[in-house]
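Going by UniProt numbering, the residue at position 56 of the sequence shown is 56; the numbering climbs one at a time, nothing skipped.
One structure is given below, encoded as C-alpha cells.
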Amino acid sequence: MLEAAWIAVDEFLNHGDIRQKFLIRYPSVSIAIVIAYILFVKWIGPAIMANRKPFELKYLMIVYDFGHYLLFSQ
C-alpha cells in the first residue's frame, strides 16, 4: 500500500508539465489560500476565542515531550 502511494506521488511529481499543476496553473487559488489564512489568523480566530478560557495543556505536553525523548533518544 505504501509502495503504491509512493509510485503515485512519483508519477505526479516527475511526469508532465509543471505548468499543468493546479496551484501553478491557477495562481488565484494560492492567493485565495493565503488571504483566507491571514483573515483567520488575524480576525476570525481571535474573535472566536475572545471569550473562551485557554486549554490546560501542561501535563499533556509533559507526556508528549517525554514520549519524544524516549522515542528519539537512541
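Cβ atoms here follow ideal geometry from the backbone N, Cα and C, with glycine treated the same way.
Residue range of the alpha helix (DSSP H) that Lys42 falls in? Looking at the DSSP string, Lys42 is not in any alpha helix (DSSP H), and its letter there is neither H nor E.
Cα-Cα separation, Ser30 to Gly45: 21 Å
I need the straight-line Cα distance from Tyr37 to Phe55, nearest angstrom please. 22 Å
In three-state DSSP terms, what is Met1? coil
I need the boundaries of the alpha helix (DSSP H) containing Tyr59, first residue and last residue. Lys58 to Phe72
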